[in-house]
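Residue numbers (the UniProt record's numbering): 1 to 156. For glycine and all other residues, C-beta sits at the position ideal for the given N, C-alpha and C.
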């Protein structure tokens, strides 16, 4: 499996980042979701909301001890970075590094993927737009786990 952009998000990730940075709406954010199992990329990329992604019998969200989805927004400082790079003729979307503290430390599992979603309202999974999915293979053991994010999306 490889990193990919969901079909519904192609051409929109930069726009969503700009909306988060502009507080439009004020509740908008990216949400990071960890998976411990996922279907083939060619199947997953066709899903249009997180509920459909997780509704596939071959995909399961992590249930490891101390796991919770991570929201990335403007509260307390910018978690989302949108850089227009005129020199290289592209736009890079980045986030702060994401840390899950003492991930595991009870129920452990082998993580497989990290999904970034656009979350306009903080609502149900049916309103979360899946943007990108990244290989994120880690066996949890109670240690802190950090996703070091560098330009999770680039439009050129």
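With a threshold of 16 other CB atoms inside 10 Å of the CB of residue i, please say whether the residue is buried or exposed.
| i | result |
| --- | --- |
| residue 144 | exposed |
| residue 33 | buried |
| residue 113 | buried |
| residue 104 | buried |
| residue 95 | buried |
| residue 111 | buried |
| residue 17 | buried |
| residue 20 | buried |
| residue 137 | exposed |
| residue 89 | exposed |
Give every residue of the same chain whose Cβ lies closer than 8 Å to the Cβ of residue i, excluding the five residues on either side of it in the sequence, and list them in chain order.
| i | result |
| --- | --- |
| residue 102 | 65, 66, 142, 143 and 144 |
| residue 59 | 35, 37, 38, 39, 44 and 53 |
| residue 161 | This structure cannot speak to residue 161, because the chain is shown only from 1 to 156. |
| residue 124 | 51 |
| residue 149 | 94, 95, 96, 97 and 98 |
| residue 56 | 39, 43, 44 and 47 |
Spatial neighbours of residue i within its chain, please: CB distance less than 6 Å, with the 5 preceding and 5 following residues excluded, ordered by chain position.
| i | result |
| --- | --- |
| residue 98 | 32, 70 and 147 |
| residue 5 | 132 |
| residue 84 | 91 |
| residue 134 | 3 and 114 |
With respect to the beta strand (DSSP E) encompassing residue i, which residues constitute its N-terminal and C-terminal limits?
| i | result |
| --- | --- |
| residue 149 | Careful: residue 149 lies outside any beta strand (DSSP E) and carries neither H nor E. |
| residue 2 | Here residue 2 belongs to no beta strand (DSSP E), and DSSP marks it neither H nor E. |
Among the residues of its own chain, which have a CB less than 7 Å from the CB of residue i, if the five just before and after it don't count?
| i | result |
| --- | --- |
| residue 14 | 82, 91, 93 and 155 |
| residue 106 | 65 |
| residue 29 | 20, 71, 72, 73 and 119 |
| residue 122 | 27 |
| residue 116 | 30, 32, 131, 132 and 152 |
Those runs of the beta strand (DSSP E) which lie wholly inside the segment 10–77 and span at least 3 residues:
29–37 and 70–72
The segment 127–142 / the segment 3–16 touching (three or more Cβ pairs under 8 Å):
yes
Whole beta strand (DSSP E) runs in the segment 81–136 with 3 or more residues, listed along the chain?
90–95, 98–100 and 110–119
Count Cβ pairs between the segment 43–52 and the segment 68–86 that sit closer than 8 Å; are there 3 or more?
no
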